[in-house]
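Positions in the sequence shown are counted from 1; adding 110 to them yields my numbering. Just so it is clear, CB atoms sit at the ideal spot from N, CA and C, and this is done for glycine as well. Treat the numbers as computed from the prediction; the structure is a model and nothing was measured.
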Amino acid sequence: MHHRIGRLALAIVTPLLLTGCLLTPGKFTSTLSINADRSFTFAYKGEVIAFDPSAEMGKALKDGAKEEPDAGNEDGGAEEDETLFTPIALQDEGKDAAETDADKERKHRAIAEALSKEAGYRSVQYLGEGKYLIDYQVSGALTHNFVYPYNIDAEVIFPFIAIELRKNGTVRLKAPAFGNESTGDQAPGRGEAAKLLDGTFTLDTDAEIVSQNNEDGVQIVKGRKAIVWKADPLSKAAPTAVLRMTR
Numbered sequence: 111m112h113h114r115i116g117r118l119a120l121a122i123v124t125p126l127l128l129t130g131c132l133l134t135p136g137k138f139t140s141t142l143s144i145n146a147d148r149s150f151t152f153a154y155k156g157e158v159i160a161f162d163p164s165a166e167m168g169k170a171l172k173d174g175a176k177e178e179p180d181a182g183n184e185d186g187g188a189e190e191d192e193t194l195f196t197p198i199a200l201q202d203e204g205k206d207a208a209e210t211d212a213d214k215e216r217k218h219r220a221i222a223e224a225l226s227k228e229a230g231y232r233s234v235q236y237l238g239e240g241k242y243l244i245d246y247q248v249s250g251a252l253t254h255n256f257v258y259p260y261n262i263d264a265e266v267i268f269p270f271i272a273i274e275l276r277k278n279g280t281v282r283l284k285a286p287a288f289g290n291e292s293t294g295d296q297a298p299g300r301g302e303a304a305k306l307l308d309g310t311f312t313l314d315t316d317a318e319i320v321s322q323n324n325e326d327g328v329q330i331v332k333g334r335k336a337i338v339w340k341a342d343p344l345s346k347a348a349p350t351a352v353l354r355m356t357r
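This is the structure:
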């Protein structure tokens, strides 16, 4: 029964993932500069790997079907129709193989084109096999929340970094993609993506640091505070910090 409930939950959320694109970091260097006056610059340079969540979801559903023993009449009634717990798009296994390599490559190139149209992308190169080489930089003022990457056309569904404004004059930042936190609601494909993680994320600021989770602490570089997080397959907690603004 528990297996069935889990598969039913997957079936419910699957439509949300079927059209999405899961972009994750590969080899990279990323910096975030936040000033106490709320001005900021975020940069990401390096590899980005694209995963297909729908393919991972399909695999999870199939694996669940193989592992579940025949429940028979455990509830005293007729055996339930297993197809009720499987999305129509995944019932025919032949459909999983319908998307050819050429189709996938066209999709990846379309994603590269969509990203290249967005402000901040100085270059987007598609290298093949779901791998991109990206040079991104954007500057602005933290008058609203900030999330990267997000693109309506590419339907990116997992942020590398998010900055949240608080009412008490602080901003909270977290970089989920630069860590490997174990959560029960992890997006399909994230586990595989973690194996490719290799980079550094640096926070540079002149603001008061209320809290941060790097055990190496804060460095002073040219009169400014800097925190450097290493991101690799062994990294656990995602980089997190809270800064106090002056305006």
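{"Item": "Ala222, DSSP secondary structure in three states", "Value": "helix"}
{"Item": "Member of Ala317, Asn290, Gln329 whose CA lies at the smallest distance from the CA of Lys305", "Value": "Asn290"}
{"Item": "Residue burial classification, Ala160 (beta-carbon count within 10 angstroms, cutoff 16)", "Value": "buried"}
{"Item": "Simplified DSSP assignment, three categories, for Asp380", "Value": "Any answer about residue 380 is impossible in this case: the structure gives the chain only from 111 up to 357."}
{"Item": "Residue burial classification, Ala212 (beta-carbon count within 10 angstroms, cutoff 16)", "Value": "exposed"}
{"Item": "Sub-8 Å separation of Arg148 and Thr253 beta-carbons", "Value": "yes"}
{"Item": "For Phe311, the first and last residue of its enclosing beta strand (DSSP E)", "Value": "308-315"}
{"Item": "Local conformation of Asp245 per DSSP, three classes", "Value": "strand"}
{"Item": "Chain B within 8 Å of Ala287, Cβ atoms only", "Value": "Going by chain labels, chain B is absent from the structure shown, which holds only one protein chain."}
{"Item": "Assumed close pair Asn261, Ala224 - CB separation to whole angstroms, cut-off 8 Å", "Value": "6 Å"}
{"Item": "Span of the beta strand (DSSP E) around Glu274", "Value": "271-275"}
{"Item": "Residue span of the beta strand (DSSP E) that contains Ile319, given as start and end", "Value": "318-322"}
{"Item": "Backbone CA spacing between Ala188 and Thr310 [nearest angstrom]", "Value": "Any answer about Ala188 is weak, because its pLDDT of 45 lies below 50 and its placement is not dependable; what the coordinates show is given next. Cα-Cα distance, rounded: 56 Å."}
{"Item": "Beta-carbon gap between Ile273 and Val281 smaller than 8 Å", "Value": "yes"}
{"Item": "As assigned by DSSP and simplified to three states, the class of Glu215", "Value": "helix"}
{"Item": "Tyr236, enclosing beta strand (DSSP E) - first and last residue", "Value": "231-238"}
{"Item": "Selected residue, minimal CA-CA separation from Ala153, among Gly230, Ser345, Thr315", "Value": "Gly230"}
{"Item": "Limits of the beta strand (DSSP E) - the one that Ile330 falls within", "Value": "329-331"}
{"Item": "Under 8 Å between C-beta atoms of Thr315 and Lys335", "Value": "yes"}
{"Item": "Straight-line Cα distance separating Gly156 from Lys137", "Value": "6 Å"}
{"Item": "Residue burial classification, Leu142 (beta-carbon count within 10 angstroms, cutoff 16)", "Value": "buried"}
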